[in-house]
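Residue 113, in this note's numbering, is where the sequence shown stops; the numbers in between run on with no holes.
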Amino acid sequence: MLNLKKVLKSYSETGSLNEQVNLYGFVDPHAFLTKSGDVGVILQVHGVDYECLDPHFLDTLTKRLESALKLFDENFRIYQYLFKRNNEPIPYKKYANPIVNTAIENRIRH
């Protein structure tokens, strides 16, 4: 049986956000300033569907990400948040070949 008290324990012990981030204000839509004088920047990167990639291309993308992260030295702190989404629309296009078109339409409906 699910113990609700145990589930809600970490929620009830969690403090307010301002205990974790001493936010002073926003500089612009992507950057913020803390009361201690630090600047934070929020970056958004659209991910790729890694399940459909061949290993060589996946390795290439991994190396590109590693190279981008190496631009930040020990004075930077980087946090990554991953949001997975289900039932994203699958991009497709129409083809001249009716057999290919039918196969793709059947797959989209599935």
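Even glycine gets a Cβ: it sits at the ideal position worked out from N, Cα and C.
Between the segment 59-70 and the segment 19-39 there are fewer than three inter-stretch CB-CB distances shorter than 8 Å, so the stretches are not counted as touching. Distances from the CA of K87 to each of G18, I45, H33 and V51 were compared; the closest alpha carbon is that of V51. In the three-state scheme derived from DSSP, where H, G and I count as helix and E and B as strand, V44 is classed as strand. The residues V44, I45 and L46, in chain order, have a CB closer than 8 Å to that of H33 in the same chain once the five nearest residues on each side in sequence are set aside. Where A71 is concerned, there is no enclosing beta strand (DSSP E), although the alpha helix (DSSP H) around it starts and stops at P58 to L72.
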